[in-house]
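Residue numbers for the sequence shown follow UniProt numbering, so the first one is 1 and each next one is one higher. Built from N, CA and C at the ideal position, the CB exists for glycine as well. Structure first, commentary second.
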Amino acid sequence: MNKLRGIDLNLLVVLDALLAERHVSRAAVRLNMSQPAVSHALSRLRHLFNDPLLIRRGGQLLPSAKALEIAPSLSEALRQVRELVEPGGFDPVRERRTFRLAMSDYGSAVVLPGLVKLLRLQAPGIDLAVTQSSREAMLRLVLDGECDLALGVFPDLPERLDAEQLFLEHFVCLSDREAMRGEDRLDMQAYLSRPHVLVALKDEANTEIDRALQAVGHARRVAVTLPHWGNAPRLIYGTDLLLTVASRSLAFYEHDPALVTFEPPYSISPFPFVQVWHERRAADPGHLWLRKAVASVSRPAA
Numbered sequence: 001m002n003k004l005r006g007i008d009l010n011l012l013v014v015l016d017a018l019l020a021e022r023h024v025s026r027a028a029v030r031l032n033m034s035q036p037a038v039s040h041a042l043s044r045l046r047h048l049f050n051d052p053l054l055i056r057r058g059g060q061l062l063p064s065a066k067a068l069e070i071a072p073s074l075s076e077a078l079r080q081v082r083e084l085v086e087p088g089g090f091d092p093v094r095e096r097r098t099f100r101l102a103m104s105d106y107g108s109a110v111v112l113p114g115l116v117k118l119l120r121l122q123a124p125g126i127d128l129a130v131t132q133s134s135r136e137a138m139l140r141l142v143l144d145g146e147c148d149l150a151l152g153v154f155p156d157l158p159e160r161l162d163a164e165q166l167f168l169e170h171f172v173c174l175s176d177r178e179a180m181r182g183e184d185r186l187d188m189q190a191y192l193s194r195p196h197v198l199v200a201l202k203d204e205a206n207t208e209i210d211r212a213l214q215a216v217g218h219a220r221r222v223a224v225t226l227p228h229w230g231n232a233p234r235l236i237y238g239t240d241l242l243l244t245v246a247s248r249s250l251a252f253y254e255h256d257p258a259l260v261t262f263e264p265p266y267s268i269s270p271f272p273f274v275q276v277w278h279e280r281r282a283a284d285p286g287h288l289w290l291r292k293a294v295a296s297v298s299r300p301a302a
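Right, here's the structure in full:
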């Protein structure tokens, strides 16, 4: 008990933020403290625990073995303290915080408009910083504490990452209406005879679409490869190009009389679109609120 009396419990709040952010400046912003104050607190924490806690390596702060050991207990203890002193819990109206999200422009088109609208109405002090990377890079950002959430398609998750399915997506084809010559869909032969647009980052060129084609013994000719979903449908106008793409990305074009959408002439498995976070953030009230907000704006329309 005497040792507990000598501890400034605010130091534990700083430690929790540092372990979550792994960055002194970001922890300072999160805590509404100056960077020198956070650095000074880290120095005191190192003395208190007789451990470096966070070790600078390769331009980032990595937690020591002891820090990893105490992180879950620390987070849970602070959550219980907050419930005692803040009976109302997390208040999005008063919160001042920046969340960092990683997603493709598909995710930005499908999730971001609804999320931003919700934040402006319910949590005007919460800001978003969005980045785009490959699937592997986005997971690494979450693992390293550089991102709060990654939204996308992640078949294999590393340990210590949790995920929630937001919706199940399926593929459709998009064609210029004149290039369809009066047809409302294409059989396999006609599908393969047309040049295709592929949306993929360089290291993700072997997509679900092409793997499904390979499974039935076919391959398509890709005439254009680009990394952005948003521009792909525009390439279809007035050309013989075909685009096979996630259906939600075509919401803006589905009623365009110059275009035709139809089901692919072969089976492509639907894919779960998920949000991914690190387990160390699971009990963070603000993070939990954000995940619920993302899920609410991602629900399929009734």
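Collapsing the DSSP output to three states places Glu263 in coil.
With a cutoff of 7 Å on beta-carbon distance, Phe262 and Glu169 are scored as not near each other.
Setting aside the 5 residues that flank it on each side, Gly238 is surrounded in the same chain by Asp176, each with a C-beta closer than 7 Å to its C-beta; the list follows chain order. DSSP places Gln165 in the strand class (E or B) of the three-state scheme. Taking the Cα positions, Glu183 is about 12 Å away from Leu259. The beta-carbon separation of Val197 and Leu139, rounded to 27 Å, does not stay under the 8 Å limit for a contact. The straight-line gap separating the alpha-carbon atoms of Lys117 and Ala282 is approximately 24 Å. Residue pairing of Gln60 in beta bridges, as defined by DSSP: Arg57. Leu61 is positioned such that its CB atom lies closer than 7 Å to that of Arg22.
The residues Leu186 and Val260, in chain order, have a CB closer than 8 Å to that of Met180 in the same chain once the five nearest residues on each side in sequence are set aside. Annotation: Val142 to Leu149 spans about 7 Å, alpha carbon to alpha carbon. Counting every other CB atom within 10 Å of its CB across the protein chains shown gives Ser75 a total of 16 or more, marking it as buried. By the C-beta density criterion, His278 is buried, having at least 16 other C-beta atoms within 10 angstroms. Taking 7 Å as the cut-off, the beta carbon of Arg56 is found no closer than this to the beta carbon of Leu11. The continuous stretches of alpha helix (DSSP H) do not include Met33, and DSSP gives it neither H nor E.
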